[in-house]
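Mapping of the sequence shown onto the UniProt record's numbering: position 176 corresponds to residue 176, and the numbering continues sequentially without gaps.
For each residue, glycine too, the CB sits at the ideal point set by N, CA and C.
A short worksheet on the structure shown next.
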Amino acid sequence: MIRTFDDLPGNTSLVIHSLAGCNLHCFGCHNYDELVTSNHEHYLLAGDILQQIKMNGYLFDALIFSGGEFLMGNLTEITLFLADLKKGFPGKIIINTNGTFPEKIRHLLERELADGIHIDMKLPYHAFDKNVDMAAYQAVLGVVPTPALVQNMMSAIQLVIRHNSPFSQVRTVKYPVLSEEYFEQIRSYIDELKERYNSEVTYKLNEFYFSA
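Encoded structure:
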């Protein structure tokens, strides 16, 4: 668990990392070795987290669930956990995601179990050309980009922008393996979606930092 003031500006947030794993292995990921491939002797179960928040949740304005990929967990278990959490925590609940599970995102938003989604747009999914972009996509995502995977991530971006929560964000990392053209395409597409859906979802282009 990590306290942060940056992820949700104006709020004191607690970031809780899931050990559900990750279906990507993104370039320079700070969490992959520590959270995905490592064996963990000490960790909190869902009930432990609920108890900790019951006792200390008043210290925070928001809880941010991250990974790995938090949404790789079982949807029924995630639903029950967040529903229980909502009963005792009055602040905001935010989900960090790579966007590969759009239907899980839809499920949580429709049931008001998440107040916002912080979603990655790592590449210009809308302009994906397997004959041109395959090497760049594999370098960034760490997996072979199938059409279904790219479509899921694009659908999730559209869903989050259309939902238009003031607590949601679309985020891009300025990966050094990509040319400036990729980031221009992403920005243009986000602007297009925001205009289409009359959305004010925040877009952030974040600098890339190599792991120490």
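Check: Around the C-beta of asparagine 198, are 16 or more other C-beta atoms found within 10 angstroms, so that it is buried, or is it exposed?; Outcome: exposed
Check: So, helix, strand or coil for histidine 163, using DSSP?; Outcome: helix
Check: If histidine 118 and arginine 171 are in contact, beta carbons under 8 Å, what's the gap, nearest whole angstrom?; Outcome: 6 Å
Check: For tyrosine 58, which of helix, strand or coil comes out of DSSP?; Outcome: helix
Check: Return helix, strand or coil for valine 177, following the three-state DSSP convention.; Outcome: coil
Check: Please report the Cβ distance between leucine 8 and alanine 62, rounded to the nearest whole angstrom; I am assuming they are in contact, meaning their Cβ atoms lie under 8 Å.; Outcome: 5 Å
Check: CA-CA distance, tyrosine 125 and leucine 159?; Outcome: 14 Å
Check: Taking 6 Å as the limit between beta carbons, can you name the residues of its chain near proline 145, skipping five residues before and five after?; Outcome: Tyr137
Check: On the DSSP bridge assignment, give the partners of isoleucine 190 in chain order.; Outcome: For isoleucine 190, which the question treats as bridged, DSSP gives no partner whatsoever.
Check: Would you mind reading off the limits of the alpha helix (DSSP H) that contains asparagine 131?; Outcome: 130-141
Check: Pick from Val173, Leu19, Asn23, Lys87: whose alpha carbon is nearest that of histidine 42?; Outcome: Leu19
Check: Looking at the secondary structure, which residues open and close the alpha helix (DSSP H) in which lysine 122 lies?; Outcome: From DSSP, lysine 122 is part of no alpha helix (DSSP H); its letter is neither H nor E.
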